[in-house]
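See structure below.
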Amino acid sequence: GNAVTQDRFIVVGTGSTQLYQAALYALSPHDDSGPINVVSAAPYYSSYPLITDCLKSGLYRWGGDAKTYREEGPYIELVTSPNNPDGFLREPVVNSSKGKLIHDLAYYWPQYTPIASAADHDVMLFTASKSTGHAGMRIGWALVKDRETARKMTEYIELNTIGVSKDSQLRVAKVLKAVSDSCGNETAKSFFEHSYDAMYERWKLLKQAAKDTKRFTVPDFVSQRCNFFGKVFELQPAFAWFKCEEGIVDCEKFLREEKKILTKSGKHFGDDQSYVRISMLDRDTNFNIFLHRVSVSSNSTL
Ligand SMILES: Cc1ncc(COP(=O)(O)O)c(C=O)c1O
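Counting from 1, position 5 in the sequence shown corresponds to residue 11 in the numbering used here; the numbering is continuous, with no gaps.
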């Protein structure tokens, strides 16, 4: 129930990373008008600018933060919801009718966010990497409204990798069937219930540590009703957008040097260095060590 699938084309890709590039190829004008700007509201997923500009394409180029984008003419806006790195639900921000939208819904699953409605957008990207954690299989899928856009995306994938590994497609189909079969089973927790509980527990501990130590903050999320679980809950994202308090300017450096915690600085996401992104999906032992290290007052580590 997280996305409308009726009357959509499904384009399978080598991860949603390839589908992102396929969507850029399909949505960019192929005339002499020059590269189209690709924008996303900061903080944005740090790979977007790198992937967009790595080949210095004549079709598209990174245009930066969508919140400050003022240029006339066509553009592509990437809407990641829930967002990586800060976890918030998002909508397009550029106020213009000339934009084409790519919705990256990698994290639009009930273990991370209430599913308030079935997403219904022109181009929606999903991935096995975040739905079940099978990033190594390299399978993503796009739900695409327009036939010509889907055709061009497929064309790109054929040019880029001569199609998508059938072995991986079969594996992911098996995984998704197991996930689907686990839903509605009265005797055992479904995959999503199990994952929801794990995320709930971790967020509860992290929020408590923030409150107790007052040395860092994490975002406050509002509660919404989830149609999948039939209950109201707060977002519990795959990443924590962690802000160092007490006047610490470079949070990544502080955590690395004082706490032996490796994170990714806010600067990679088009934001401030007082923020870092922390993965909430590591193994229990690592997550517990992390919690311990941010909670103790000295620079002692485990
Ligand atoms: C928002 C977002 N989109 C896409 C991806 C890439 O996913 P994939 O492994 O399917 O290429 C990631 C991975 O971190 C992500 O966070």
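Think of the CB as a built atom: it goes at the ideal place given N, C-alpha and C, for glycine as much as any other residue.
| Asked | Found |
| --- | --- |
| So, with DSSP's three-state summary, where would you put S22? | helix |
| Using the beta-carbon count (16 or more within 10 Å), is P116 buried or exposed? | buried |
| Please confirm if D226 has its CB atom under 8 Å from at least one CB of chain C. | Among the protein chains of the structure shown there is no chain C, as only one such chain exists. |
| Quick check on DSSP: helix, strand or coil for R67? | strand |
| Which residue or residues does DSSP assign as beta-bridge partners of Y281? | K249 |
| Rounded to whole angstroms, how far is the Cβ of L241 from the Cβ of P35, which I believe are closer than 8 Å? | About 36 Å; that fails the 8 Å criterion. |
| Could you give the distance in angstroms between the alpha-carbon of F132 and the alpha-carbon of A47? | 19 Å |
| Do A112 and ligand 1 come close, with the Cβ less than 7 Å from some heavy atom? | yes |
| Could you work out which residue in F234, H127, N90 and D110 is closest to Q24 when comparing CA atoms only? | D110 |
| Look up M130 in the DSSP assignment and say whether it is helix, strand or coil. | strand |
| Less than 8 Å between the CB atoms is what I'm expecting for T223 and K249, so what's the real figure, rounded? | 5 Å |
| Select from S103, Q230 and V44 the residue whose C-alpha is nearest the C-alpha of V238. | Q230 |
| DSSP on A141, reduced to helix/strand/coil? | helix |
| With distances taken between CB atoms, is the gap from D277 to P41 smaller than 8 Å? | no |
| Alpha carbon to alpha carbon, how far is G21 from R144? | 4 Å |
| A215 and L149 - do their beta-carbons sit closer together than 8 Å? | no |
| So for T269, helix, strand or coil by DSSP? | coil |
| CA-CA distance, P55 and G93? | 19 Å |
| Using C-beta distances below 8 Å, list every residue in its chain close to V10, excluding the 5 sequence neighbours before and after it, in chain order. | A124, A125, D126 and L149 |
| Who are the Cβ neighbours of T155 in its own chain at under 6 Å, not counting the five residues just before and after it? | A32 |
| Give me, in chain order, the residues of the same chain whose beta-carbon lies closer than 6 Å to that of S171; leave out the 5 immediate sequence neighbours on both sides. | none |
| So the candidates are G190, W147, R96 and R283; which of them puts its Cα closest to the Cα of G169? | W147 |
| Could you work out which residue in K62, Q27, Y206 and E97 is closest to K73 when comparing CA atoms only? | E97 |
| Mapping DSSP to helix, strand and coil, what is F197? | helix |
| Report buried or exposed for L268, applying the criterion of at least 16 other Cβ atoms within 10 angstroms of its Cβ. | exposed |
| Can you give me the start and stop residues for the alpha helix (DSSP H) that S174 sits inside? | K172 to S188 |
| Have a look at the DSSP bridge pairing and note the partners of T86. | D110 |
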